[in-house]
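For the sequence shown, the numbering used here assigns the number 534 to the initial residue and increments by one for each residue that follows.
Just so it is clear, CB atoms sit at the ideal spot from N, CA and C, and this is done for glycine as well.
Computed from a prediction, not measured in an experiment: that's the story for all the values here.
Structure record follows, encoded as structure tokens.
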Amino acid sequence: MSEQSTTKMIQTAFEAGEGVLRLAPTWVPRSFCIPGRRIKLDPRDYYAFGAHRGGIDERWFSSTTKADNGPLTTEDEGLSYIVFEDGGQVHKVLLVDAVAELGATILGDALWNQYGKWPIYSKFFDNRDPLPHHLHQREEHASLVGMAPKPEAYFFPPQLNNHGGTFPHTFFGLEPGTTKEQVRHCLEIWDQGDNKITNLSKAYRLEPGTGWFVPAGVLHAPGSLCTYEPQWASDVFAMYQSLVAEVPIDWGFLVKNVPADKHHDLDFLVEMID
534 MSEQSTTKMI QTAFEAGEGV LRLAPTWVPR SFCIPGRRIK LDPRDYYAFG
584 AHRGGIDERW FSSTTKADNG PLTTEDEGLS YIVFEDGGQV HKVLLVDAVA
634 ELGATILGDA LWNQYGKWPI YSKFFDNRDP LPHHLHQREE HASLVGMAPK
684 PEAYFFPPQL NNHGGTFPHT FFGLEPGTTK EQVRHCLEIW DQGDNKITNL
734 SKAYRLEPGT GWFVPAGVLH APGSLCTYEP QWASDVFAMY QSLVAEVPID
784 WGFLVKNVPA DKHHDLDFLV EMID
């Protein structure tokens, strides 16, 4: 499609909706997760990306951020599409292209002048089991691999939690008094099964209708409630737990967004933790 026709489509979509852009669902699989089946997806479609990609356990909203799911990530994975009708035909165009084209017309002057992009998105994540204890890097570490830090927040919608999954509790942070040496030891024994890093943390029972704020750099192991999650526009993370629900976590998920020369620098990996 030519640049001119794309521009025309974006303007037509914006005008047709009178400033309201209608977005298609954006489904994202995770190879290390088992879906909780609470996000209104046809049961036949949970493995629509292929079993090798894992089940779909996330639905992203208003996303101009591409998912980072390794070498098999599709070209538009995680990106939201605007859908509109014109001349009796249904068309779609990427939200990220619309933001780049219309800028402040969509975002307003303050947001556009400060960031030059749509800097956030949100999602439902919906897992049968808890996620590994992990963090989203702070600015000083995310910038080393050309990514943005990611603070995020959680809300547990009562309407979407007809069951709690296998472990509706979330570990947050590290207990007072935890030493860097203790955390380093958990990384040293990664290949011995459970590295027991959650022994250094505390789990909180999740209550539907409540939520949490999680700053970048803070370890957290989200529990198995279906969760609404507004966050900064980045898919950066590092996982510090080696075994979850009897499923081993590959070291690659710890160093996915870490400079190559630091992949086995345990002191550096510990320093990433706030």
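Identify the continuous beta strand (DSSP E) that holds R738 and give its terminal residues.
735-738
According to DSSP, simplified to helix, strand and coil, what is W651?
coil
Which residues mark the beginning and the end of the alpha helix (DSSP H) in which I730 is found?
I730 -> no alpha helix (DSSP H), and no H or E assigned at all.
Using 8 Å for Cβ pairs, my map puts W652 next to A766. What's the rounded Cβ distance?
Before going on, a small fix: residue 652 reads as Pro here, not Trp. With a Cβ gap of about 5 Å, P652 and A766 count as contacting.
Leaving out five residues before and five after L739 in sequence, what residues of the same chain have Cβ atoms less than 7 Å from its Cβ?
Only F689, P701, H702, T703, G756, L758 meet the Cβ criterion.
One question on the structure: do R555 and V616 come within less than 8 Å of each other, judged by their Cβ atoms?
Yes, the Cβ-Cβ distance between R555 and V616 is below 8 Å.
I'd like to confirm the pairing. Which residues does DSSP put opposite K625 in its beta bridges?
V616
Please report the residue range of the beta strand (DSSP E) in which G744 lies.
744-747
Limits of the alpha helix (DSSP H) - the one that I567 falls within:
Note, I567: premise wrong, no alpha helix (DSSP H); not H, not E.
Do P568 and D590 count as a contact pair if the criterion is CB distance below 8 Å?
Between D590 and P568, the C-beta spacing is below 8 Å.
Any 3 or more C-beta pairs closer than 8 Å across the stretch 706-714 and the stretch 783-799:
no
C-alpha gap between V747 and H753, whole angstroms
Each residue's Cα considered, the two are about 8 Å apart.
For L556, which residues does DSSP report across the bridge?
I615
Counting beta carbon pairs with one atom in the stretch 762-781 and one in the stretch 722-729, are three or more of them shorter than 8 Å?
yes
Just to check my reading of the structure: V561 and W593 have Cβ atoms closer than 8 Å, yes? What is that Cβ distance to the nearest angstrom?
6 Å
Per DSSP, which residues does V780 bridge with? Please list them.
V777
Beta-carbon proximity check, Q670 vs A749, cutoff 8 Å:
yes
What residue does the alpha helix (DSSP H) around R717 start on, and which one ends it?
Where R717 is concerned, the enclosing alpha helix (DSSP H) starts and stops at 713-721.
Close Cβ partners of I492 (< 7 Å) along its chain, the five nearest in sequence each way excluded:
No answer is possible for residue 492: the residues shown for the chain start at 534 and end at 807.
Would you call the CB atoms of G641 and A686 closer than 8 Å?
no
Whose C-beta lies closer than 8 Å to the C-beta of T606 among residues of the same chain, with five residues either side of it excluded?
K599, A600
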